[in-house]
Amino acid sequence: MIGYLAYVVFLIASWLIFMYTLNFYYLVYIALKNKMRIKPVNNGFPLVTIQLPIFNERYVAPRLIRAVCNQDYPKEKMHIQVLDDSTDDTKQICEELVGYYKARGFDIEHITRKDRKGYKAGALKEGLKTAKGDFIAIFDADFVPPPWFLKKAMSYFADEKIGFVQCRWGHLNEDYSGLTEAQALSLDLHFLVEQRAKSLTHLFMNFNGTAGIWRKECIIDSGGWQASTLVEDLDLSYRAQMKGWKSVFIPDAVIPAELPVQINSVKRQQYRWAKGSIQCAVKLLGDITMNRKIPIDTKIQAFVQLTRHIVYPLILTQFLLLPLLLAIDYNIYPVHVYPMSALVVYIAFGFTFPLLVIRKIWGGSWTRKIKGYLYMILFGTGIAVNNTIAVFDAINGGRPEFLRTPKFGITKKGEDWRDKVYALPFTKTTLLEMFFAAYGILGIFISIFSGNQVYAPILAIQTAGFIYISYLSIAHSMFGNKKNKYKNDDDIKKEERSEHMSSMKPKIAMGAILAILIFGVVMAWIGYSNAVYPLDKARGYLTVAMQTSNPEEILDYLASV
Numbered sequence: 386m387i388g389y390l391a392y393v394v395f396l397i398a399s400w401l402i403f404m405y406t407l408n409f410y411y412l413v414y415i416a417l418k419n420k421m422r423i424k425p426v427n428n429g430f431p432l433v434t435i436q437l438p439i440f441n442e443r444y445v446a447p448r449l450i451r452a453v454c455n456q457d458y459p460k461e462k463m464h465i466q467v468l469d470d471s472t473d474d475t476k477q478i479c480e481e482l483v484g485y486y487k488a489r490g491f492d493i494e495h496i497t498r499k500d501r502k503g504y505k506a507g508a509l510k511e512g513l514k515t516a517k518g519d520f521i522a523i524f525d526a527d528f529v530p531p532p533w534f535l536k537k538a539m540s541y542f543a544d545e546k547i548g549f550v551q552c553r554w555g556h557l558n559e560d561y562s563g564l565t566e567a568q569a570l571s572l573d574l575h576f577l578v579e580q581r582a583k584s585l586t587h588l589f590m591n592f593n594g595t596a597g598i599w600r601k602e603c604i605i606d607s608g609g610w611q612a613s614t615l616v617e618d619l620d621l622s623y624r625a626q627m628k629g630w631k632s633v634f635i636p637d638a639v640i641p642a643e644l645p646v647q648i649n650s651v652k653r654q655q656y657r658w659a660k661g662s663i664q665c666a667v668k669l670l671g672d673i674t675m676n677r678k679i680p681i682d683t684k685i686q687a688f689v690q691l692t693r694h695i696v697y698p699l700i701l702t703q704f705l706l707l708p709l710l711l712a713i714d715y716n717i718y719p720v721h722v723y724p725m726s727a728l729v730v731y732i733a734f735g736f737t738f739p740l741l742v743i744r745k746i747w748g749g750s751w752t753r754k755i756k757g758y759l760y761m762i763l764f765g766t767g768i769a770v771n772n773t774i775a776v777f778d779a780i781n782g783g784r785p786e787f788l789r790t791p792k793f794g795i796t797k798k799g800e801d802w803r804d805k806v807y808a809l810p811f812t813k814t815t816l817l818e819m820f821f822a823a824y825g826i827l828g829i830f831i832s833i834f835s836g837n838q839v840y841a842p843i844l845a846i847q848t849a850g851f852i853y854i855s856y857l858s859i860a861h862s863m864f865g866n867k868k869n870k871y872k873n874d875d876d877i878k879k880e881e882r883s884e885h886m887s888s889m890k891p892k893i894a895m896g897a898i899l900a901i902l903i904f905g906v907v908m909a910w911i912g913y914s915n916a917v918y919p920l921d922k923a924r925g926y927l928t929v930a931m932q933t934s935n936p937e938e939i940l941d942y943l944a945s946v
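For the record, in the sequence shown the residue sitting at position 419 is 804 according to the numbering used here, with numbers rising by one throughout.
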């Protein structure tokens with residue numbers, strides 16, 4: 386009975402993951418089939434308020450303010466708001482820069498609050514009260530808008546029903562590490578597939594929180610910024626489109642930004658996106674479903690986007706159940722008709738087809754993305770534990786506490802962030818990731834010992850992802866300088882770090898673990914690739930020996946084998 390229930394759950398999880406995967410390829414088809422119909426129009430130079438929400442960003446805030454003040458746009462047509470909730474020396478840094486540019490004729494103001502009520506949404510809402518422009522441009526602290534940004538983005542607001550324009554994110558430090566390459570490719574696929582497909586049709590497209598411009602009337606008409614979820618951008622953009630406002634994505638307007646280089650920062654960002662999306666699903670899906678003006682395909686795509694992080698708990702469920710089903714010798718072959726077809730489908734949809742998509746999008750330069758693609762596979766599977774916790778936190782109604790993603794001003798390969806403030810400490814989530822890594826290794830051996838070697842590659846890929854994330858989580862939590870201190874996001878208290886490990890130690894340990902794993906898998910595969918397994922042999926020896934009751938004959942037989 387338990388085996389049957391496990392089989393049913395495994396089957397449901399597998400099919401749901403497959404359906405979400407198919408939807409990605411559907412969006413690929415739409416993105417490649419349709420062409421952009423909205424053309425840029427010279428609208429002159431409308432007054433634009435540029436909002437810069439900042440919280441403890443000493444390394445990147447000055448870079449952002451300078452870039453905004455360097456826009457190729459009439460100075461008198463820009464109203465700049467530095468929305469600074471900082472509790473460290475970022476506040477003084479911003480205050481000095483604001484004074485510098487104000488003395489040079491810029492309409493720039495430094496707006497602070499007594500508390501962080503509403504977090505980023507609260508800061509944007511507060512700034513909107515005194516915004517002078519009819520259009521609101523927004524930039525997070527880690528972005529560096531090029532001088533042409535305002536001119537180009539504003540040229541897409543000719544239609545008065547266009548509520549917001551979203552530009553594509555670029556990457557200042559894509560080649561810094563495998564982790565940044567994985568993030569860069571993942572974001573590029575999001576923009577060039579999902580955002581492009583939805584912008585070219587009537588499907589709901591989300592605002593990405595930065596590198597875009599809103600029509601102020603649209604923000605007000607849609608209910609304004611709300612802090613009830615962790616993704617105020619997704620929330621507002623959906624509410625706006627439910628009210629009939631349109632959105633535009635400009636794929637060739639690339640705004641560079643700094644990718645997080647520390648895995649714990651990436652986890653925090655992913656956690657916020659996963660939890661916030663589910664919060665939006667709970668908040669908005671009922672109204673979307675009941676709204677008769679919204680086409681059925683738009684409703685389906687809205688459901689998929691808002692609930693897609695459910696895939697992560699499904700991945701873990703599948704990962705946990707497969708070794709169990711193999712261990713109890715449950716016949717799971719009917720699930721895939723034939724076991725080899727499972728591997729073929731998994732490789733095709735999970736690895737081969739994405740490569741074809743990358744080749745189609747990037748053309749002749751697609752080979753430069755292969756390394757990032759391999760890291761993206763590891764990252765995508767390994768981050769499942771972190772994002773699963775986020776999903777259940779949202780379902781449980783966990784309060785929407787906005788923890789920003791620390792940035793260190795890293796733009797070049799080789800630059801070090803380890804001795805800088807804002808670096809995040811070790812988290813308990815890593816212990817769970819280590820458990821799944823160990824469980825995956827066990828699952829690989831179970832698949833081999835049970836004669837189901839065809840499933841070993843599937844388990845190995847997922848296990849490698851958990852090992853990768855676990856390793857980075859440990860290595861990125863170790864620092865060489867014992868006097869180094871970090872600041873917590875909530876209270877910015879300085880605490881001494883605990884005992885530190887040389888960066889070589891985790892690398893050596895990880896190398897040893899991988900060597901043992903590879904050696905063990907190879908030896909097991911060689912030793913158990915025949916049709917007869919150790920337990921079967923032992924059972925056969927015992928059966929033959931029991932055919933006689935003479936102890937001497939039994940001993941002679943056992944000695945001969």
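Here a beta-carbon is modelled for each residue, glycine too, at the ideal position from N, C-alpha and C.
- Check the Cα spacing between Ile493 and each of Tyr840, Ala516, Ala569: the tightest is with Ala516.
- Between the segment 777-787 and the segment 635-651, the count of C-beta pairs closer than 8 Å stays below three; the two stretches do not touch.
- Here Trp533 is exposed. Its C-beta has fewer than 16 other C-beta atoms within 10 Å.
- Going by DSSP, Asp620 is part of the alpha helix (DSSP H) stretching over 617-627.
- For Ser632, the enclosing beta strand (DSSP E) has its first and last residue at 631-642.
- Judged by DSSP secondary structure, Phe542 falls outside any alpha helix (DSSP H); it is assigned neither H nor E.
- Lys652 counts as buried, since at least 16 other C-beta atoms from the protein chains shown sit within 10 angstroms of its C-beta.
- Arg677 counts as exposed, since fewer than 16 other beta carbons sit within 10 angstroms of its beta carbon.
- In the displayed model, Met761 falls within a helix according to three-state DSSP.
- Nearest in C-alpha terms to Phe576, of all of Ala638, His587, Ile523, is Ala638.
- Thr434 is bridged by DSSP to His464, Ile521.
- Straight through space, the alpha carbons of Pro641 and Val433 are spaced by roughly 21 Å.
- With contact defined as three or more Cβ pairs closer than 8 Å, the segment 560-567 and the segment 606-614 are not in contact.
- The shortest C-alpha to C-alpha distance from Ser613 to any of Lys502, Gly490, Ile387, Gln568 is the one to Lys502.
- For the pair Phe589 and Tyr623, the CB atoms are nearer than the 8 Å cut-off.
- The straight-line gap separating the alpha-carbon atoms of Leu669 and Gln611 is approximately 13 Å.
- Here Thr752 is exposed: its Cβ has fewer than 16 other Cβ atoms, across all protein chains shown, within 10 Å.
- The three-state reading of DSSP puts Phe528 in strand, counting E and B together.
- Under the three-state reduction of DSSP, Ile598 is assigned to strand.
- Among the bridge pairs identified by DSSP, Cys552 is matched with Ile635.
- In this structure, Ile439 lies near Thr475, with their beta-carbon atoms less than 8 Å apart.
- DSSP places Ile746 inside the alpha helix (DSSP H), whose first and last residues are 738-747.
- Looking at the DSSP output, Thr406 sits in no beta bridge, so it has no partner there.
- For Thr497, the enclosing beta strand (DSSP E) has its first and last residue at 492-497.
- Assignment of beta-bridge partners to Ile439 by DSSP yields Asp469.
- Excluding sequence positions up to five before and after Val696, its CB lies within less than 8 Å of the CB of Leu401, Ile402, Tyr405, all in the same chain and listed in chain order.
- Leaving aside the five residues that flank Phe811 on each side, the residues in its chain whose CB is nearer than 6 Å to its CB run, in chain order, Ser862.
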